[in-house]
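Under my numbering, the first residue of the sequence shown carries the number 1244, and numbering increases by one thereafter.
For each residue, glycine too, the CB sits at the ideal point set by N, CA and C.
Since the structure is predicted, the reported quantities are computational estimates derived from the model, not experimental observations.
Reading through the structure tokens given below for one structure.
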Amino acid sequence: QLHQLRGRVGRGKNESFCILVTAKDISDIAGERMGVMSQTNDGFVIAEEDLRLRGSGEFFGTRQSGMPDLKFANLLTDQKIIEIARKDAFAIIQRDPHLRLPENDIIRERFKDKFVDKFQMPNIA
């Protein structure tokens, strides 16, 4: 992940440098990554571009790349609605941590249907 590399360069008080070396022939995506790293030192810009290029990965699981099962939101363009949904989700869990209230039956059932097989902890190293 590009933003992690960027975050490890220049942590001290002294001036630092990051020298990027690639093979002569690299993929278009690798070229875009190198371009981002050479054009900015803003970690947020690098992280957003890395997310766009690499994908966000699985919500539950062991893979760290690829696209998640999100069907209705784009993590880059829908940040405002995602933040609202996040606040609502935390409020629901604070009121009903085990989703036992009748009003949360549908949430509990959908969660179970969607994620019960993803909780195979032996797969996570």
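Check	Outcome
Expected contact under 8 Å - CB spacing of leucine 1319 and glutamate 1291 to nearest Å	6 Å
Rounded distance between the beta-carbons of isoleucine 1289 and methionine 1401, thought under 8 Å	No answer is possible for residue 1401: the residues shown for the chain start at 1244 and end at 1368.
Distance cut-off 7 Å: glutamine 1282 Cβ against heavy atoms of the ligand FMN	Ligands displayed in this structure: none; no statement on the ligand FMN is therefore possible.
Exposure of aspartate 1268, with buried meaning 16 or more beta-carbon neighbours within 10 Å	exposed
Sub-8 Å separation of isoleucine 1335 and isoleucine 1324 beta-carbons	no
Check whether threonine 1283 and alanine 1273 have beta carbons under 8 Å apart	no
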